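Q:
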Amino acid sequence: MRAGKSWQENVLGLLMLLLVFCSACDGTLDCGPMPSGPVPAASLLDGPLGEINRRPLALLQRAVERERPSEPLLALVPGTSEQWGHHRAPPYEVEAQGQRISNEFRSRLDRAFRILLSNSVQFLLLSGGAIDPSRPDYVEVERAREYLIATYSATWQSQRSTDDPLSEHLLLDPLAQSTPTNVRNADKLAIDVGLNQILIITTMPERSTLSVTDLASQGYYLLYHSISTFDSRSESELGYTLGSFGLRYVSTSEGEEPSLRHCRFDFAALRRDEYTP
Amino acid sequence: MTPLETPPEAIPSVAISAPAPTPGIASWNRPNFLIHLVANPLYGIGAAVEHYVRPEWSTGVEFLQSPLGLFFTTKLHFWPELRRGTMRHQFLLGVGGDVSSTFNRVAGGVAFWMAPTVDLRYLGRPLPSFGFSLGLRLGVGAAFEAKDFTGHSKPADPLAHLAVAICTYVGMAIGQ
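What follows is the structure, given as structure tokens:
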């Protein structure tokens, strides 16, 4: 009888230990110190992205200096063009009917605008280049910018002053060709302006028990970066991994919307990285 | 001492006790507890404790840390009589089921996941009361989330309810 009691106590002790062990890794991200020091030679600010984004970048830098934010100021919105095949532009007949981006990309942009409007971030970095070799006229970020301005300028203007146009809150990265380069370019830009974290607005898993569709989503790919192939792909394509990703809910007009908080950048590796498109 | 010339019928009989039968593999007790580190290739890593409540029945609990939340699993398995291996190296097959739950916002509060599972296990026991184990548990079942019942976010795809249990583990066995 006495021996039985002792193993029951042992089991209880083990369970408590397991619970403590598991709650210790609850996915909360400590983003560490803000990047500081001179902007390196491999900076994207002095390169093509700086040229394209002169005005919104100046505003972003001013906001960083003013606020020294502990929350993300910048949200990355990676492009996606999978509706008509892998990395395919919409067919001409679809474009003729008025659809110039995929439904999935449009859904990301709609959510990104709601998050921007809710003031949870101040700038969006639209990312994605000419990913369809057969259609050099199709550049994801150009279509994304065009969609946001056409769809939401009026809504934006009705809630902001006239000297604060939506276009000045949109940064473009037309150089990225894959998820690791989407994220790498955003990270380089972030540390160049002095940010230690960004938000990523992408397609998220819809079920915590992970349906087959969820396993194919970019949110799963990034959130489960060490299990999915994202870390190994970054390592092979870039020579380093790209930090941590955590689930983050943001309050918008549609309620609480999921996104990814991304930080713990490898500052040294990003600064060393001689960007090649 | 019996003289050599003594006829056989005159030698008194002596009862020689037969050696005790070697316990068979099947009669060798299962370990009392197994403590495992667990890795699910889709979800994440965690830990588990299992207890043989009877020689052929085990029950256990498992915690799995996923980026979307903490999964808590209870499991019950039947282990038929061992037919392969030796006392020191046992290959076991368990048949049973898992019931998992998690509490998080993605699920709309709570999610449940039930799956019949098959557990393939190697148990190495250098000592009767201490050993090592490693194995793989597989199953397919159904998953339900709180938001499935709220009406406005019911998934259209029936595959959304498909739950796949894939779990590898390594750990130690204690007691017998």
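These protein sequences, in sequence, are chains C and V.
All letters in the first sequence, in the order written, are residues 7 to 283 by this note's numbering.
All letters in the second sequence, in the order written, are residues 125 to 300 by this note's numbering.
Just so you know, even glycine gets a beta-carbon here, dropped at the ideal spot from N, CA and C.
Note that the coordinates shown come from a computational prediction; the quantities given were computed from them, not determined experimentally.
1. Quick one: which residues of the segment 211-235 of chain V get their C-beta closer than 7 Å to a C-beta of chain C? List them in chain order.
2. Report the rounded CA-to-CA distance for Asp222 of chain V versus Ser42 of chain C, giving the unit in angstroms.
3. Comparing C-alpha positions only, which one of C:Asp170, C:Ser250, C:Ser223 and C:Asn59 sits nearest to Ser131 of chain C?
4. From the DSSP output, read off the bridge partner residues of Phe5 of chain C.
5. Starting from the C-beta of Pro191 of chain C, find all residues in its chain whose C-beta is less than 6 Å away, skip the five residues before and the five after it, and write them out in chain order.
6. Can you give the Cα-Cα distance for Gly200 of chain C and His285 of chain V, rounded to whole angstroms?
7. Using alpha carbons as the reference points, say which of C:Pro84, C:Cys269 and C:Phe129 lies closest to Ile197 of chain C.
8. Quick one: what's got a C-beta closer than 8 Å to Ser259 of chain C's C-beta in the same chain, skipping five residues either side?
9. What residue from V:Arg245, V:Gly168 and V:Glu129 has the CA that sits closest to Ala297 of chain V's CA?
10. DSSP has Ser182 of chain V in a bridge; who is on the other side?
11. To the nearest angstrom, how far is it from the Cα of Gly233 of chain V to the Cα of Gly265 of chain V?
12. With DSSP as the reference, please indicate the residues paired to His213 of chain V in a beta bridge.
13. Buried or exposed: Glu186 of chain V, going by 16 or more other Cβ atoms within 10 Å of its Cβ?
14. Can you give me the start and stop residues for the alpha helix (DSSP H) that Ser159 of chain C sits inside?
15. Spatial neighbours of Leu200 of chain V within its chain, please: CB distance less than 7 Å, with the 5 preceding and 5 following residues excluded, ordered by chain position.
16. Should Gly91 of chain C go down as buried or exposed, given a rule of 16 or more other Cβ atoms within 10 Å for buried?
17. When Cβ atoms are compared, which residues of the segment 201-213 of chain C fall closer than 9 Å to chain V?
18. Please check if any C-beta of chain V sits within less than 8 Å of the C-beta of Tyr227 of chain C.
19. By Cβ distance below 7 Å, which residues in the same chain neighbour Ser173 of chain C in space, the five residues on each side in sequence not counted?
20. If we call anything under 8 Å between Cβ atoms a contact, is Glu2 of chain C one with Glu110 of chain C?
21. Report, in whole angstroms, the separation of the C-beta atoms of Leu221 of chain C and Leu166 of chain V, which I expect to be a contact under 8 Å.
22. Using a Cβ cut-off of 9 Å, which residues of the segment 233-263 of chain C contact any Cβ in chain V, in chain order?
23. Would you mind giving the Cβ-Cβ distance between Leu188 of chain V and Thr197 of chain V, rounded to the nearest angstrom? I have them listed as a contact below 8 Å.
24. Does Thr161 of chain C get closer than 8 Å to chain V when you measure Cβ to Cβ?
25. Report the residue ranges of all beta strand (DSSP E) runs contained in full by the segment 199-243 of chain C; include only those spanning at least 3 residues, in chain order.
26. For Asn228 of chain V, which three-state DSSP category applies?
27. Going by DSSP in three states, Val294 of chain V sits in which element: helix, strand or coil?
28. Quick one, are the C-beta atoms of Arg229 of chain V and Tyr255 of chain C less than 8 Å apart?
29. Output the distance between the C-alpha atoms of Pro250 of chain V and His160 of chain V, rounded to the nearest integer angstrom.
30. Since Glu269 of chain V and Thr215 of chain C are thought to touch, with beta carbons under 8 Å apart, how far apart are those beta carbons, to the nearest angstrom?
31. Would you say Thr292 of chain V reaches chain C, if we count a Cβ-Cβ gap shorter than 8 Å as a contact?
32. Beta carbon of Ala5 of chain C, beta carbon of Gly85 of chain C: below 8 Å?
33. By how many angstroms is the C-alpha of Gly170 of chain V removed from the C-alpha of Ser29 of chain C?
34. Which chain C residues are close to Asp284 of chain V, counting only those with a beta carbon under 9 Å from its beta carbon?
35. Answer with yes or no whether the minimum CB distance from Leu158 of chain V to chain C is below 8 Å.
36. Let me make sure I understand the geometry here. Which of V:Gly168, V:Leu258 and V:Cys291 has the alpha-carbon closest to that of Leu216 of chain V?
A: Answer, in terms of the structure:
1. Under the 7 Å Cβ criterion, the segment 211-235 of chain V contributes Thr226, Asn228, Arg229, Val230, Ala231 and Ala235.
2. Looking at the two C-alpha atoms, the distance is approximately 50 Å.
3. The question names Ser, but residue 131 of chain C is Leu in the sequence shown. Closest by alpha carbon: C:Asn59.
4. Nothing can be reported for residue 5 of chain C: it is not among the residues displayed for chain C, which extend from 7 to 283.
5. First, the amino acid is wrong: residue 191 of chain C is Asn here, not Pro. Correct list, in chain order: Asp179 and Ala182.
6. 44 Å
7. C:Cys269
8. Arg120, Leu123 and Ser124
9. V:Arg245
10. V:Tyr176 and V:His201
11. 20 Å
12. Beta-bridge analysis with DSSP links His213 of chain V to V:Gly248.
13. buried
14. Glu146 to Gln165
15. Result list for Leu200 of chain V: Thr183, Gly220 and Gly221, in chain order.
16. exposed
17. Met210, Pro211, Glu212 and Arg213
18. no
19. Ile155
20. Summary: the structure shown does not reach residue 2 of chain C, with chain C confined to residues 7 through 283, and so no result is reported for it.
21. 7 Å
22. Ile233, Phe251, Gly252, Leu253, Tyr255 and Glu262
23. 7 Å
24. no
25. Runs found: 203-206.
26. strand
27. strand
28. yes
29. Their backbone Cα atoms lie some 18 Å apart in a straight line.
30. 7 Å
31. no
32. Outside the shown range of chain C (7 to 283) lies residue 5 of chain C, about which nothing can therefore be said.
33. With a pLDDT of 46 at Ser29 of chain C, under the threshold of 50, the predicted position of this residue should be treated as unreliable, and no value is reported.
34. A quick correction: the sequence has Ala, not Asp, at residue 284 of chain V. Identification of chain C residues near Ala284 of chain V by a Cβ-Cβ cut-off of 9 Å yields Glu212, Arg213, Thr215, Ser217, Val218, Thr219 and Asp220, ordered along the chain.
35. no
36. V:Leu258
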